[in-house]
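Participant: Right, I'll just put the structure down here and ask away after.
Protein chains: 2
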Amino acid sequence: MTAEGVAVLAIGDELLGGYTLERNSALIADELSALGLEVRELRVLRDNEEHIAEALVELARDHRFVFVTGGLGPTLDDVTRHAAARAAGVELELSQAALAEVREWWSGRDTEMPSANERQALLPTGAVRMTNSAGTAPGFRLALGAATLIVLPGPPREMSTMLQESVLPWLEREVPEADLQTRHFYLFGLGESDFAERVGAWMERDANPLIGVTASRGVLTVRMRAVGDEASSAEARLDRASLEFRERFSDHIFSESEATVEFALAKRLEASQVSITFAESCTGGLAAASLCRVPGVSSLFTDGFVTYSNDAKVRRLGVSPELLEAHGAVSEEVARAMAEGALLMSGARLGVSITGIAGPDGGTAEKPVGLVWFAVAVDGRTETLRRQFPKHSRDWIRDAAARTALHLAWTHVPSPSLEAK
Amino acid sequence: MTAEGVAVLAIGDELLGGYTLERNSALIADELSALGLEVRELRVLRDNEEHIAEALVELARDHRFVFVTGGLGPTLDDVTRHAAARAAGVELELSQAALAEVREWWSGRDTEMPSANERQALLPTGAVRMTNSAGTAPGFRLALGAATLIVLPGPPREMSTMLQESVLPWLEREVPEADLQTRHFYLFGLGESDFAERVGAWMERDANPLIGVTASRGVLTVRMRAVGDEASSAEARLDRASLEFRERFSDHIFSESEATVEFALAKRLEASQVSITFAESCTGGLAAASLCRVPGVSSLFTDGFVTYSNDAKVRRLGVSPELLEAHGAVSEEVARAMAEGALLMSGARLGVSITGIAGPDGGTAEKPVGLVWFAVAVDGRTETLRRQFPKHSRDWIRDAAARTALHLAWTHVPSPSLEAK
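Chains as they are written, first to last, in the working numbering: chain A, 467 to 887; chain B, 467 to 887.
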């Protein structure tokens, strides 16, 4: 396995103040993993030249590549160039090429370069400049002992652009090519720790393929990465492991290409040419809005109903007042009537409804906060689903309910073959 | 100013793998700032006992408090206890009190403690145990040279709980009390860099009050923090600065208590007892869903319209087909008709509409991607707003459009006094 040590040093007071999360190291780690390079240490420091220089020397001793992000701006606080020069024991010199680049950026904005920005054209002697097409601060590479410093701007958008345009092409030449392959699986309805338990040895550090997982809003994104060796190619390893993985998690995998339930649902609707509508109470339009994230979904999703009050359920969906009176708005019966009403009113083929108690108030012993009823009506059949979500925040419950509705719809899209019968 | 050096060392392979962001240091920094304690360095390391021990020694040399998070689990990978003992040059011993606590946690779940978890009751000699009411891993404090290590579990929920329950009460006794006050302002429609330019010296490191800002989804959260001294109390400093700040940013401040536009809008609707409805095209329910985040808003928001297709705009909102034909769905005229139609159909007093081109396709030279028309109808008057958003992602444009609609509604809620006239 081609593994090379990488460290990231992120510079910036704001990254330690409690309000801005350090994100560049994750972006770097993600891109570098495809080259078999591992980020083994991250440090975050304030804009202090001496401390930064010390950290650079330490990190360069233990790692082959040291990425530095931030502190390349035009103000006196921006000391990364000075710290790099100090660490390498060299001077800073004004690079005419860098200066021309900074000037050009400003003239492209019909503005003369402020004199403060001249500072951004200073580079340590021996540094190799890297163009920044997304901002004013050029980056650079600099040898430090046996390591290479790779110095990039702090704003993640600029950092990413320079990473893609200047750093990765260079790194690909530096690092011997490895047989690496990655595959993704997207799962719904399974907790991260349950997953970790069931996936077992695949998550151990030396596993090949190695599985990493990240949980976000009910969806587990599973990244399976294999390295080829004399025994087996990366692809063959992934093929074998995928078969086993699919079998083990068949109840939960909703896609191997779409990272969200709404995109997977849109793909199915499109493949089957099934139109959809939503009738939402506690989610207030969240399920509909999620599906509208998908470009081009408008041909199959024409309208949705936000019926927050009982009165709106009656007027807009034709739910009978007696039904509401008898069972309450949060009930299997009303969920069913909402889904069926939405179908009638919109003319769609598949209708999904959501009615629940998102809290924090409004719960009772019989119908506690977190109780949500769903219904899905399609081709003359209506099925219902009851979920008692944990009593987390109102946002959490509403979000979980919207995603559950989208997943429920996904499981009920008639397949094109059935339709053809 | 009472400022004391704090370092955070976060442990965990997953924090360096590119998928899990390190969040504990921000939580710690935020809580500690109220005590005048500053986080000056963050390191993130993998589960390697030797490296962790070395880093602890280094960090303890330069800081008064060193927070360590993670690596307290029951598996062999969890080496933080061993590393702390090694750094302090002491042994690990089984703490009967800690063992009882771990056992109790399991028995509270009607499960016998797995034998692996016994490891979690090991503590370095001389450590002071801290109870973890949110999980199985006890934390501890340990002297290391002149510094104190504060060792906490990695999951942010457990870390936060222990920080609140065990660490802060202890720190408040350790650290001399300071006269510190914080105030917040929430701004809409201003970029972070424009703000930084206009706010000037208030953001410089030694300013008092000091302003920190974080941008999220169009909203700037501004935190103004003052430290009292012999010349002036923290509160008096904040009072003076607030007056100036409010004047300078009056066009943008929408709240000093509500962190989001939807909560500020709900507060105004509630104060004026004005009911609201939404007619949404490209946002697909996002504005309505945002308002439904607010508990108890159902009395003033009863229903909303997701009318994604032209046909739905005609059927559900009474927009005339001729108008759609003449001006297109994304037009001032249709936005106006949608808002007025939504009022008629719902019976609400204030109606907001959104119709635009979220992309990535569907733009033309005349109506490019990012063009969104809004209308707000209230008490017989309708006003419209045109926004050409930058050509960012579809998600970005839709989110910006929903938030703009909520802010537009906020500016048009009739005040209670006007209503009384």
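Where a beta carbon is used, it is the ideal one built from N, C-alpha and C, also for glycine. As the structure is a computational prediction, the values presented were derived from the model and not from experiment.
Taking 7 Å as the CB-CB cut-off, is B:Leu487 touching chain A?
Facilitator: By this cut-off, B:Leu487 is an interface position.
Participant: From the DSSP output, in three-state form, read off A:Ser698 for me.
Facilitator: Looking at A:Ser698 - three-state DSSP - the assignment turns out to be coil, as it is neither helix nor strand.
Participant: At 7 Å on the CB atoms, spell out the chain B contacts of A:Asp861, in chain order.
Facilitator: Here the neighbours are Arg759.
Participant: Look at the alpha carbon of B:Ala886 and the alpha carbon of B:Gln739, and state the distance between them as a whole number of angstroms.
Facilitator: Bear in mind that the predicted position of B:Ala886 carries a pLDDT of just 45, short of 50, making it unreliable; the figure below should be weighed with that in mind. If I take the Cα positions, the gap works out to 12 Å.
Participant: Which same chain residues, not among the five before or five after A:Val796, have their C-beta less than 7 Å away from its C-beta?
Facilitator: Counting only Cβ-Cβ distances below 7 Å, and skipping sequence neighbours, we find Thr821, Gly822, Ile823, Lys833, Leu837 and Trp839.
Participant: Give me the residue from B:Ala500, B:Trp876, B:Ala792 and B:Gln586 with the minimum Cα distance to B:Leu637.
Facilitator: Of the listed residues, the one whose Cα sits closest to B:Leu637 is B:Ala500.
Participant: In whole angstroms, what is the alpha-carbon distance linking A:Trp572 and A:Thr743?
Facilitator: Going from the Cα of A:Trp572 to the Cα of A:Thr743 covers about 49 Å.
Participant: Give me, in chain order, the residues of the same chain whose beta-carbon lies closer than 6 Å to that of B:Gln854; leave out the 5 immediate sequence neighbours on both sides.
Facilitator: Gly836 and Leu837.
Participant: Can you check whether the CB of A:Pro619 is closer than 7 Å to the CB of A:Ala603?
Facilitator: Going by C-beta atoms, A:Ala603 is nearer than 7 Å to A:Pro619.
Participant: Please determine if the region 675 to 694 of chain B and the region 760 to 779 of chain B are in contact, where contact requires at least 3 C-beta pairs separated by less than 8 Å.
Facilitator: No, because fewer than three Cβ pairs between the region 675 to 694 of chain B and the region 760 to 779 of chain B fall closer than 8 Å, the two stretches do not touch.
Participant: Would you check if the distance between the CB atom of A:Arg864 and the CB atom of A:Leu752 is smaller than 7 Å?
Facilitator: The answer is yes: Cβ separation under 7 Å.
Participant: Note down, in chain order, all residues in the region 598 to 615 of chain B with a beta-carbon under 9 Å from any beta-carbon belonging to chain A.
Facilitator: Correct list: empty, as no residue qualifies.
Participant: Let me see if you follow: with CB-CB separation under 7 Å, is B:Ala732 close to chain A or not?
Facilitator: It does not: the Cβ of B:Ala732 has no partner Cβ on chain A nearer than 7 Å.
Participant: What residue range does the beta strand (DSSP E) around A:Arg847 cover?
Facilitator: Note, A:Arg847: beta strand (DSSP E), Arg847 to Gln854.
Participant: State the CB to CB distance for the pair A:Leu783 and A:Ala808, rounded to an integer number of angstroms; the pair is presumed to be in contact (CB under 8 Å).
Facilitator: Contact flag correct, Cβ pair sits at about 6 Å.
Participant: Can you give me the start and stop residues for the beta strand (DSSP E) that B:Thr535 sits inside?
Facilitator: Run containing B:Thr535: Phe531 to Thr535, per the beta strand (DSSP E) assignment.
Participant: Which residue's Cα is closest to the Cα of B:Leu816: B:Gly605, B:Val844, B:Lys733 and B:Leu475?
Facilitator: It is B:Val844 whose Cα lies nearest to the Cα of B:Leu816.
Participant: Where do the N-terminal and C-terminal ends of the alpha helix (DSSP H) with B:Glu799 fall, by residue?
Facilitator: Where B:Glu799 is concerned, the enclosing alpha helix (DSSP H) stretches over Glu798 to Ser812.
Participant: Kindly identify the DSSP beta-bridge partner or partners of B:Thr648.
Facilitator: Answer is B:Arg691.
Participant: For the region 488 to 507 of chain A against the region 470 to 478 of chain A, do three or more pairs of beta-carbon atoms, one drawn from each stretch, fall closer than 8 Å, so that the two count as touching?
Facilitator: Yes, since at least three Cβ pairs between the region 488 to 507 of chain A and the region 470 to 478 of chain A fall closer than 8 Å, the two stretches touch.
Participant: So, with DSSP's three-state summary, where would you put B:Glu746?
Facilitator: Of the three classes helix, strand and coil, the one that applies to B:Glu746 here is strand, per DSSP.
Participant: What residues in the region 823 to 834 of chain B have a beta carbon less than 9 Å from any beta carbon of chain A?
Facilitator: Within the region 823 to 834 of chain B, the qualifying residues are Ala824, Gly825, Pro826, Asp827 and Gly828.
Participant: When you compare only the Cα positions, how much space is there between A:Trp668 and B:Ala519?
Facilitator: Their backbone Cα atoms lie some 28 Å apart in a straight line.
Participant: Just to make sure I have the definition right: I need the residues of chain B whose C-beta is within less than 9 Å of the C-beta of A:Val545. Which are they?
Facilitator: None at all; the shortest Cβ gap to chain B is about 13 Å.
Participant: Can you look up A:Lys887 in the DSSP assignment and give me helix, strand or coil?
Facilitator: Legend: pLDDT at A:Lys887 = 43, less than 50; position of this residue unreliable, no value from coordinates given.
Participant: How about the region 577 to 590 of chain A and the region 532 to 543 of chain A: do they share at least three Cβ pairs that are nearer than 8 Å?
Facilitator: Judged by Cβ distances under 8 Å, the region 577 to 590 of chain A makes contact with the region 532 to 543 of chain A, as three or more pairs qualify.
Participant: Taking only beta-carbon positions, decide if B:Ser786 is within less than 7 Å of chain A.
Facilitator: By this cut-off, B:Ser786 is not an interface position.
Participant: Can you tell me whether A:Ser716 sits near the ligand FMN, meaning its C-beta is under 6 Å from at least one heavy atom of the ligand?
Facilitator: With respect to the ligand FMN, the structure shown offers nothing to examine, as it has no ligands at all.
Participant: Which residues, in order along the region 503 to 516 of chain B, keep a beta-carbon less than 9 Å from a beta-carbon of chain A?
Facilitator: Within the region 503 to 516 of chain B, the residues whose Cβ lies closer than 9 Å to some Cβ of chain A are Glu504, Val505, Arg506, Glu507, Leu508, Arg509, Val510, Leu511, Arg512, Asp513 and Asn514, listed in chain order.
Participant: According to DSSP, simplified to helix, strand and coil, what is B:Val780?
Facilitator: Helix at B:Val780.
Participant: Could you please give me the residues that DSSP links to A:Phe606 through a beta bridge?
Facilitator: Answer is A:Arg595 and A:Val617, bridged to A:Phe606.
Participant: When the distance is taken between beta carbons, is B:Ala550 closer than 7 Å to B:Leu498?
Facilitator: Contact: no.
Participant: Can you give me the Cβ contacts of B:Ala681 inside the same chain, cut-off strictly under 7 Å, excluding the 5 residues immediately before and after it?
Facilitator: Around B:Ala681: Glu658.
Participant: So, with DSSP's three-state summary, where would you put A:Thr680?
Facilitator: Here A:Thr680 sits in strand by DSSP.
Participant: Per DSSP, what kind of secondary structure is A:Ser741 in: helix, strand or coil?
Facilitator: Note: A:Ser741 maps to coil in three-state DSSP.
Participant: Among B:Ser561, B:Lys857, B:Thr577 and B:His650, whose alpha-carbon lies nearest the alpha-carbon of B:Thr830?
Facilitator: Closest option to B:Thr830, Cα to Cα, is B:Lys857.
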